[in-house]
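A.B. asks:
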Amino acid sequence: MLSIIVAIGNNNVIGGNNGLLWHLPGDLKNFKKITTTASKTMIMGRKTFQSLGRVLPGRKHIILTNNKDFHVEDENVEVFHDIESLKPYIDSEEEYFVIGGGQIYKLLHPYTSKMYITRVYGDFQGDTYFPQWNESEWNTVNETVGVQDEKNKYPYKLITYIRK
């Protein structure tokens, strides 16, 4: 089972220049909590992996890329070059986390059963967007307002959706 985890600003913007547009420690803590449970496996595109700057501890990384020359020497990293390679993860009852970027979200959204969305209420200039989706096809199962303070400068909400 695939689950998307993403932080989205106004206008569905999710990033710019291969990075995040905001710093919200509350959202990062939520990301770590979610992705270090269950399968502890994250699926991402090459650019997202490179933007992390390192292999995140305690989690398996699956990188989907068209670049046949791309490889990573790490026991916690697997590189796939086509969506067919992800079929066992898509068909599994175990939860696997799709963490970006924009092209990967668009490609894998139709196969997703659950979404963990952090809505960041701010206007940001970026170059990467979350794909349009029909909210009527999803049930909201959890909604938590994030704490805005000196560390978390933008208002935000953590929302969990399950496909109907």
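If you count the sequence shown from 1, you need to add 814 to reach our numbering. For each residue, glycine too, the CB sits at the ideal point set by N, CA and C.
Taking the DSSP output, what are the residues bridged to asparagine 956?
C.D. replies: Here the question's residue 956 lines up with position 142 in the sequence shown. According to DSSP, which records beta bridges pairwise, asparagine 956 is partnered with Thr974.
A.B. asks: Thinking C-alpha only, which one of Tyr975, Phe944, Arg868 is nearest tryptophan 952?
C.D. replies: Sequence index remark: in the sequence shown, residue 952 carries index 138 (1-based). The shortest C-alpha separation from tryptophan 952 is found at Tyr975.
A.B. asks: Any idea which residues DSSP pairs histidine 875 with across the strands?
C.D. replies: Numbered from 1 along the sequence shown, position 61 holds the residue referred to as residue 875. In DSSP, histidine 875 forms a bridge with Met856, Val891.
A.B. asks: Are the CB atoms of threonine 954 and lysine 971 within a distance shorter than 8 angstroms?
C.D. replies: Position 157 of the sequence shown, counted from the start, is the residue given in the question as residue 971. Position 140 of the sequence shown, counted from the start, is the residue given in the question as residue 954. Not closer than 8 angstroms, so no.
A.B. asks: First and last residue of the beta strand (DSSP E) that includes leucine 816?
C.D. replies: Position 2 of the sequence shown holds residue 816. Looking at the DSSP string, the run of the beta strand (DSSP E) that includes leucine 816 is 816-822.
A.B. asks: Check the Cβ-Cβ distances between glutamate 909 and every residue of chain D, and say whether any is below 8 angstroms.
C.D. replies: Absent from the structure: chain D. Only one protein chain is present.
A.B. asks: Whose C-beta lies closer than 6 angstroms to the C-beta of methionine 929 among residues of the same chain, with five residues either side of it excluded?
C.D. replies: As a position in the sequence shown, residue 929 is number 115, starting the count at 1. Counting only Cβ-Cβ distances below 6 angstroms, and skipping sequence neighbours, we find Ile818, Tyr975.
A.B. asks: Select from Ser950, Leu835, Leu816, Ser899 the residue whose C-alpha is nearest the C-alpha of lysine 978.
C.D. replies: To locate residue 978, count along the sequence shown from 1; it is residue 164. That would be Ser950, whose Cα lies nearest to the Cα of lysine 978.
A.B. asks: Cα separation between isoleucine 876 and methionine 858?
C.D. replies: As a first step, residue 876 must be located in the sequence shown, where it is residue number 62. As a first step, residue 858 must be located in the sequence shown, where it is residue number 44. Cα to Cα, the separation comes out at about 6 angstroms.
A.B. asks: Might you give, ordered along the chain, the residues of its own chain that have their beta carbon closer than 6 angstroms to the beta carbon of glycine 914, omitting 5 neighbours on each side?
C.D. replies: As a working mapping, residue 914 is identified with position 100 in the sequence shown. Cβ neighbours of glycine 914 beyond the five flanking positions: Met858, Thr862.
A.B. asks: Please report how far the alpha carbon of serine 899 lies from the alpha carbon of glutamate 892, in whole angstroms.
C.D. replies: Residue mapping note: residue 899 aligns to position 85 of the sequence shown, counting from 1. Residue mapping note: residue 892 aligns to position 78 of the sequence shown, counting from 1. Serine 899 and glutamate 892: Cα-Cα distance of roughly 11 angstroms.
A.B. asks: Could you work out which residue in Leu816, Lys901, Val912, Thr855 is closest to glutamate 889 when comparing CA atoms only?
C.D. replies: Within the sequence shown, the letter at position 75 stands for residue 889. Of Leu816, Lys901, Val912, Thr855, the residue nearest in Cα terms is Thr855.
A.B. asks: Report yes if the C-beta distance between threonine 942 and glycine 829 is below 8 angstroms; otherwise report no.
C.D. replies: Taking the first residue of the sequence shown as 1, we reach residue 942 at position 128. Taking the first residue of the sequence shown as 1, we reach residue 829 at position 15. Going by C-beta atoms, threonine 942 is nearer than 8 angstroms to glycine 829.
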